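Per my numbering, residue -16 is the first one in the sequence shown, and the count goes up by one each step.
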Amino acid sequence: MGGVLYCKSLCENSCRSSTVAHDNPFRLNVGFVAHEQVGYSRDFLFDIPEVHLEDLPLQRVTGHVLVTRTPQGLLVQAHLEADTPAECVRCLEPFDLHLTTDFTELYAFTRKNMGESGLLYPESGQINLAPLVREYMWLAFPIKPLCSEDCKGLCPVCGANRNVEDCGHRPESIDPRLEILKTLLEQ
């Protein structure tokens, strides 16, 4: 579950970060950002081979999280990409689904400044982005995941995977039970 996290100030060179918890790569120590002047930013770059977020296993997590000090709190802007196991709704074959998400959240210093998300900056100076990453990755998950846009699916007659073999069955143009309705179109 180990990964590489790089952090960089917008005015500094890239460096290996000690601002991440080893057990949770999305737990960031951002206390130093809170003590900086308004406008100070730190960019955290992610390259994590594998991580499990409750019910969502992710592989090849890449992206960055920009943390900016504002008068109200810490503004977190993220762009993350990852792969997750999925099953195609047409052919029922497993495949790796690529997910991309962007989100912006504010960790407010006071309850007065909390936005809709209700995130409050913790006194420990460590923010756990794992629940947010999980939520936004699930929101990026399509309702009907497809292994490819041109997936042919399963044969409705014999159940063969049409991507692998041609069973020779052709779908009937009209369901025989509804054929009587065709006469209405001809009138």
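We put the beta carbon where it would ideally sit given N, CA and C, even for glycine. Source: prediction; values computed, not measured.
**Message:** If I follow the unbroken alpha helix (DSSP H) through G14, where does it start and stop?
**Reply:** Its alpha helix (DSSP H) spans residues G14 to A17.
**Asked** Does the count of Cβ pairs from the stretch 45 to 59 and the stretch 19 to 28 closer than 8 Å reach three?
**Response** Contact between the stretch 45 to 59 and the stretch 19 to 28 is present: three or more C-beta pairs spanning the two stretches fall below 8 Å.
**Message:** Taking the alpha-carbon of F124 as reference, which of P68, C150 and P32 has the nearest alpha-carbon?
**Reply:** When each option's Cα is compared against that of F124, the closest is P68.
**Asked** Would you say the stretch 100 to 110 touches the stretch 160 to 170, given that touching needs at least three Cβ pairs under 8 Å?
**Response** Cβ pair count under 8 Å is below three, so no.
**Asked** Relative to the C-alpha of D79, which residue among G46, D66, P159 and E99 is closest?
**Response** Ranking the options by Cα distance to D79, first place goes to D66.
**Asked** Of the residues D6, L75 and V140, which one's Cα is nearest the Cα of D158?
**Response** Checking every option, the nearest Cα to that of D158 belongs to V140.
**Prompt:** What does a CB cutoff of less than 7 Å around Y119 pick up in its chain, not counting 5 residues either side in sequence?
**Reply:** Within the same chain, Y119 has close Cβ partners T84 and F86.
**Prompt:** Whose C-beta lies closer than 7 Å to the C-beta of R117 among residues of the same chain, with five residues either side of it excluded?
**Reply:** Residues L36, E37 and L39 of the same chain have their beta carbon placed closer than 7 Å to that of R117, with the five preceding and five following residues left out of the count.
**Request:** Just tell me which of P32, H18, P77 and A17 has its CA closest to the CA of P8.
**Result:** Closest by alpha carbon: P32.
**Request:** Compare the C-alpha of A207 against each of L137, A143 and L41 and name the closest.
**Result:** The chain is shown only over -16 to 170; residue 207 falls outside these bounds and no answer can be derived.
**Asked** Which stretch, first to last residue, makes up the alpha helix (DSSP H) that contains I157?
**Response** DSSP places I157 in no alpha helix (DSSP H); its state is neither H nor E.
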